[in-house]
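Participant: Let me begin by handing over the structure; questions about it come next.
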Amino acid sequence: MKSSSLRRFHAWGSTFQQIFRFALVGGANTLIDVVLLNVLLWRFPTNNVLVLVIYNSVAYSSGAVTSFFLNKYWTFGHRQRTTWREVRRFALILALEILYSNGLVWLAGKALQPFIANPTLWGNASKLIAIAGGALLSYTCMRFWTFAARPQQRSKHHGTPEANTGREVE
């Protein structure tokens, strides 16, 4: 196998590995999110879509800290200390994700309300629609913006021959 083909193969393998790890982290965070939403729906049942949106905001935010650290250190393999740049970007992405999730929960809640009378079932069905819609957006934003490596970090992080020789990657 040619050296360039081997590097390309390694890059694709690394990307798929990141996506797999991101999915595992997302699954754990989604579990936290859905469990908290169900606790809120069980403890304080509601058929009000605005209350459901508030519950969704609280539940969605509950996995944010875990998501940040698992994605930073495990999914994307960043070993350096957390920077304010990462925290600000993550907070901005989280705020946008909550808005996006709440919009989907609200739309799904309104659409499903005439058909599902049980508040827990109604809230969960609305939440599942929001989860499905937000997963791809979340990965894309974190991968290409929040944890995007600067060019000099990319070569060091991936252990390319250029990084091992100390030469700059152009």
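According to the working numbering, the sequence shown is numbered sequentially starting from 110.
Note that beta-carbon positions come from the ideal geometry of N, C-alpha and C, so glycine has one too.
From a predicted model like this one, the values you see are computed outputs, not experimental measurements.
#1: Assess, as a yes-or-no matter, whether the segment 168-177 is touched by the segment 226-233 under the definition of 3 or more beta carbon pairs within less than 8 Å.
#2: In chain order, what residues of the same chain have a beta carbon less than 7 Å from the beta carbon of R130, not counting five sequence neighbours either side?
#3: What do you reckon, are the CB atoms on E195 and G243 nearer than 7 Å?
#4: For the ligand SAM, is there a heavy atom less than 6 Å away from the beta-carbon of Y164?
#5: Short of 8 Å in beta carbon distance, which residues of its chain neighbour G135, apart from the five on each side in sequence? Order them along the chain.
#6: From N180 to N165, what distance separates their C-alpha atoms?
#7: Helix, strand or coil for N157? Go by DSSP, reduced to three states.
#8: Using 7 Å as the threshold, is the C-beta distance between R198 and T255 below it?
#9: For the alpha helix (DSSP H) that W231 lies in, which residues bound it at each end?
#10: If you follow the alpha helix (DSSP H) that K181 is part of, which residue opens it and which one closes it?
#11: Could you give the DSSP three-state label for Q127: helix, strand or coil?
#12: From T124 to I238, what does the alpha carbon distance come to, in whole angstroms?
Facilitator: Considering the structure as presented:
#1: no
#2: W183 and T184
#3: no
#4: As for the ligand SAM, it is missing from this structure, which has no ligand bound.
#5: S176, A244, S247 and Y248
#6: 22 Å
#7: coil
#8: yes
#9: P228 to C250
#10: Premise fails: K181 is in no alpha helix (DSSP H) and is neither H nor E.
#11: helix
#12: 26 Å
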